[in-house]
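So the structure is just underneath, and the comments pick up after that.
In this note's numbering, the protein residues as written are 191 to 487.
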């Protein structure tokens, strides 16, 4: 395999295949930023939704046919767009662009994806998670910006974000993936990235927003709603606190294993045994022998 050195001390696999995608759509400047950061680090393929698909999570398309269109962007670069979701992109790319990838990078999202509350609905992280489910390392990049124009207005931040992305991609490719037990690496940038911006390795906060509903009426008097949220006071040593209070780059390793840890499993199983009896009783079976599964690995 051909190898080349990006920096002293780094050995990057030149032939690495990298899939670049997002949830803000093919025309987002965040996608261009991500592509510029990784294009010299292997063979970069771009396939992204044709329109924004924010908050699509791991959703896939089952109710309509999917299509892929090849277009030229960013100085005559060949890229691909689809009418599907970010998660659809992973399956489509493996079918049409390459039978395998060494890495999937998603972003750079307009708005940070901090907290479990946001992570579970994020299409940016959803693409990386879908890749991880198929055995491909996934890294999701997001930025605390309110509008796409902010990416290009601050060229210093733009270039520094590219440097950070490049370093992370180099590191993942050099070691052949993410650490054991880590399915997705979520990287969140603060509004401004300078040479002295701190870097924090932090877990995800549980929530970021206090969810609210705005009730409005159209000209015909019919009621409609907008969902929105107000920021809660962030807990220290979390991704929300790092990005919004400390102005730091937050590195958050994520696992897709939704099972309880073994010690939690045993405790929950003991407590739930009463529920198991109640279910059998509701079925008319009485409190017979319980079927118990071993603790998850």
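Even for Gly, the Cβ is constructed at its ideal location relative to N, Cα and C.
DSSP beta-bridge partners for residue i?
i           : result
residue 488 : In this structure the chain extends from 191 to 487, so residue 488 is not present and cannot be described.
residue 207 : 233
residue 270 : 237, 260
residue 432 : According to DSSP, residue 432 bridges with nothing at all.
residue 465 : Bridge partners of residue 465: none, in fact.
residue 439 : 389
residue 448 : Paired residues: none, contrary to the question.
residue 407 : 413
Does the distance from the C-beta atom of residue i to that of residue j stay below 8 Å?
i           : j           : result
residue 240 : residue 216 : yes
residue 248 : residue 316 : yes
residue 230 : residue 279 : no
residue 206 : residue 368 : no
residue 565 : residue 224 : A query on residue 565 cannot be resolved here, the shown segment of the chain reaching from 191 to 487 and no further.
residue 355 : residue 228 : yes
residue 243 : residue 276 : yes
residue 421 : residue 402 : no
residue 295 : residue 359 : yes
residue 373 : residue 319 : yes
residue 282 : residue 258 : yes
residue 382 : residue 347 : yes
residue 388 : residue 454 : no
residue 377 : residue 439 : yes
residue 313 : residue 423 : no
Assuming residue i and residue j are in contact, meaning their beta carbons sit under 8 Å apart, how far apart are those beta carbons, in whole angstroms?
i           : j           : result
residue 330 : residue 350 : No, residue 330 and residue 350 are not in contact; Cβ-Cβ is about 18 Å, not under 8 Å.
residue 465 : residue 375 : Not really, about 37 Å apart at Cβ, beyond 8 Å.
residue 272 : residue 256 : 6 Å
residue 380 : residue 433 : 5 Å
residue 246 : residue 299 : No, residue 246 and residue 299 are not in contact; Cβ-Cβ is about 12 Å, not under 8 Å.
residue 490 : residue 232 : An answer regarding residue 490 cannot be provided, because it is not within the stretch 191 to 487 covered by the chain.
Between the segment 378-398 and the segment 418-428, are three or more C-beta pairs nearer than 8 Å?
yes
Contiguous alpha helix (DSSP H) assignments of at least 4 residues, all confined to the segment 313-392
313-323, 339-343, 345-365
Within 8 Å, do at least three Cβ pairs link the segment 446-460 to the segment 407-420?
no
My parser needs the alpha helix (DSSP H) runs of 4 or more residues fully inside the segment 270-306; what are they?
276-286
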